[in-house]
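Numbering (my numbering), first residue to last: -8 to 396.
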Amino acid sequence: MNLTRRRFLQTNLGATPLIAFTSTTPAFLAQAAWAETKPQPGRVVVIVELEGGNDGINTIVPYSDEGYARARTTLRLSKEQLIRINDQVGLHPALRSLADSWEAGNLAIVQGVGYLNPSRSHFVSQAIWHTAETDSERHQGVGWIGRSLDASAEKLHQAVFVGAGSTPVAIRGRLIPCTSVERPSDLRLAEGLPPRGPASLTSPEEFVTGDDLLAFVRRTALDASTSLEALAHLQPRAIAASSYPATAFGQQLELSARAIKAGLRASVYYLSQGSYDTHVQQLGAQATLLSELASGWRAFLADLTEAGLADQVILLAFSEFGRRVEENASAGTDHGTAGPVLIAGSMVRGGLVGQTPLLTDLEEGDLKVGLDFRRIYATVLQDWLGVTASEALGRGFDRLPLFRG
-8 MNLTRRRFLQ
2 TNLGATPLIA
12 FTSTTPAFLA
22 QAAWAETKPQ
32 PGRVVVIVEL
42 EGGNDGINTI
52 VPYSDEGYAR
62 ARTTLRLSKE
72 QLIRINDQVG
82 LHPALRSLAD
92 SWEAGNLAIV
102 QGVGYLNPSR
112 SHFVSQAIWH
122 TAETDSERHQ
132 GVGWIGRSLD
142 ASAEKLHQAV
152 FVGAGSTPVA
162 IRGRLIPCTS
172 VERPSDLRLA
182 EGLPPRGPAS
192 LTSPEEFVTG
202 DDLLAFVRRT
212 ALDASTSLEA
222 LAHLQPRAIA
232 ASSYPATAFG
242 QQLELSARAI
252 KAGLRASVYY
262 LSQGSYDTHV
272 QQLGAQATLL
282 SELASGWRAF
292 LADLTEAGLA
302 DQVILLAFSE
312 FGRRVEENAS
322 AGTDHGTAGP
332 VLIAGSMVRG
342 GLVGQTPLLT
352 DLEEGDLKVG
362 LDFRRIYATV
372 LQDWLGVTAS
382 EALGRGFDRL
392 PLFRG
């Protein structure tokens, strides 16, 4: 049987599009979905975007590099302030809440991450990180996570954006809708069927095979119903004994943990924190943000450990670029290039990954990129989530030793 777009939208639930599930989902369907498919959480990655361009030099501080003292006068952090990792680098003191994870070997710090011919534009660099495409002509509103979900629907579940604002491009696909949630009461399907791709329904003249389409829609409807029912089951008692920080970011992490514990069908949670665009008076602003990041992560990891789910979840933090090596005249830093990526979790193989960038060997005043960010993506997709990375990234990338077992 072939279906037109109109017939598709009217199939099964009258004129209600199955792809646009909201809290009006029929109760019998939501209850059946929950009863029949309530899952045990699979492996999950929680991605945190540090918006604005975090200064990696004052995050993972190369205190022994003679270029650090020369370039940073007002912003220089002394060796005594730092949480020392080794004889060359130390953590910003605001990251003290992550010291336990480092000492337990559960925090990986990937250094010098970026891409060739870096852009110092927020918009362009963010698009590159979200799409995993360095060619701007290929930035078409579909992200690396979205492509992976589209290609691996049998292995992965949906992606969830936790927070306010528009859904990040990184989790947008062509086939699998992503979900946006700001609070447990307002889970909504943020994306319907996208405008292009194998299941495209952009005009009444288009036809698709009915059986394939209906199978896809029914599965999507079931996932949407299950998500709604799962969040309806979230209870305040799901909060861990160790409280989350009373910040917007802390609340995002708390909601993510509650959804994971409730069995929400999601493989990826996407959060953002910022702004790290510290052109002026950087010391206090960055310290506050890094403290919120670290304390939130510690509460989240403690929460999942208490729930017996620590081995199934990792946290990953990145920023669209680092900052200039030399501080500016306003006690801040301007847009730069490479920066660190942080990955935490009980299954993470902790340690420094990649070479520490040299502040005495620069390119146009910026750090040289030592490691392509897509190697991290490939490792997370293939070694953590168990899907073929090349389908999402367009080609293969050498993976990194980030996980145990």
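A virtual CB, placed ideally from N, CA and C, is assigned to each residue, including glycine.
Excluding sequence positions up to five away, which residues of its chain have a Cβ less than 8 angstroms from the Cβ of residue i?
i: Ser321; result: His270, Val271, Gln272
i: Asp374; result: Arg390, Leu393, Phe394
i: Glu245; result: Ile230, Tyr235, Ala290, Phe291, Asp294
i: Val115; result: Ser127
i: Thr379; result: Ala142, Ser143, Leu372, Gln373
i: Glu354; result: Thr328
i: Lys382; result: The sequence given here places Glu at residue 382; Lys does not occur at that position. Closer than 8 angstroms at the Cβ level, and outside the excluded window around Glu382, lie Arg138, Ser139, Ala142, Ser143.
i: Leu107; result: Thr125, Val360, Asp363
i: Ala18; result: With a pLDDT of 36 at Ala18, under the threshold of 50, the predicted position of this residue should be treated as unreliable, though the coordinate-derived value follows. Excluding residues within five positions, none has a Cβ falling inside 8 angstroms.
i: Gly33; result: His148, Ser258, Gln303
i: Arg129; result: Thr122
If you measure between the beta carbons of residue i and residue j, is that distance less than 8 angstroms?
i: His83; j: Val39; result: no
i: Val360; j: Thr324; result: no
i: Arg365; j: Ala123; result: yes
i: Ser88; j: Ser286; result: yes
i: Leu280; j: Tyr261; result: no
i: Leu140; j: Ile119; result: no
i: Gly377; j: Met338; result: no
i: Asp357; j: Phe388; result: no
i: Thr50; j: Pro331; result: yes
i: Val80; j: Ile367; result: no
i: Ser55; j: Asp78; result: yes
i: Gly313; j: Gly44; result: yes
i: Ile334; j: Leu300; result: no
i: Ala60; j: Arg340; result: no
i: Arg163; j: Val133; result: yes
i: His121; j: Ala161; result: yes
i: Pro41; j: Gly265; result: Reading the sequence as shown, one finds Leu at residue 41 and not Pro. Closer than 8 angstroms, so yes.
i: Ile251; j: Val304; result: yes
i: Ile74; j: Leu343; result: no
Can you tell me where the beta strand (DSSP E) with residue i in it begins and where it stops?
i: Ser282; result: Taken as a continuous stretch (DSSP letters only), Ser282 belongs to no beta strand (DSSP E), being part of the alpha helix (DSSP H) at 273 to 297.
i: Ile305; result: 304 to 309
i: Ala150; result: 149 to 153
i: Ala335; result: 330 to 335
i: Ser171; result: 170 to 172
Would you list the residues sitting across from residue i in a DSSP beta bridge?
i: Arg163; result: DSSP, once it has assigned bridges, lists no residue as partnering Arg163.
i: Tyr261; result: Ile38, Phe152
i: His326; result: Arg314
i: Val52; result: Gly81
i: Phe394; result: Val339
Taking the continuous alpha helix (DSSP H) assigned at residue i, which residues delimit it?
i: Glu382; result: 381 to 384
i: Gly58; result: 57 to 62
i: Gly47; result: From DSSP, Gly47 is part of no alpha helix (DSSP H); its letter is neither H nor E.
i: Leu244; result: 239 to 252
Near residue i, which residues of its chain fall below 7 angstroms by C-beta distance, leaving aside the five closest residues on each side in sequence?
i: Glu173; result: Gly154, Ala155
i: Arg63; result: Glu318
i: Ala85; result: Ala278, Leu281, Ser282, Ala285
i: Gln346; result: Gln102, Gly103, Gly361
Which residues in the same chain as residue i place their Cβ atom closer than 6 angstroms to its Cβ, once the five residues preceding and following it in sequence are excluded?
i: Asp302; result: Ser337, Met338
i: Pro58; result: Checking the sequence shown, residue 58 turns out to be Gly, not Pro. Correct list, in chain order: Leu350, Thr351.
i: Val259; result: Val36, Ile136, Ala150
i: Gly47; result: Gly313, Gly330, Pro331
i: Pro109; result: Thr328
i: Thr240; result: Per the sequence presented here, residue 240 reads as Phe, with Thr not at that position. Excluding positions up to five away in sequence, the list reads Gln264, Glu283, Gly287.
i: Gln117; result: Glu311
i: His113; result: none
i: Thr238; result: Glu283
Segments assigned beta strand (DSSP E), at least 3 residues, entirely inside the segment 74 to 140
98 to 105
Enumerate, from N- to C-terminal direction, the unbroken beta strand (DSSP E) stretches of 3 or more residues contained entirely within the segment 340 to 365.
342 to 344
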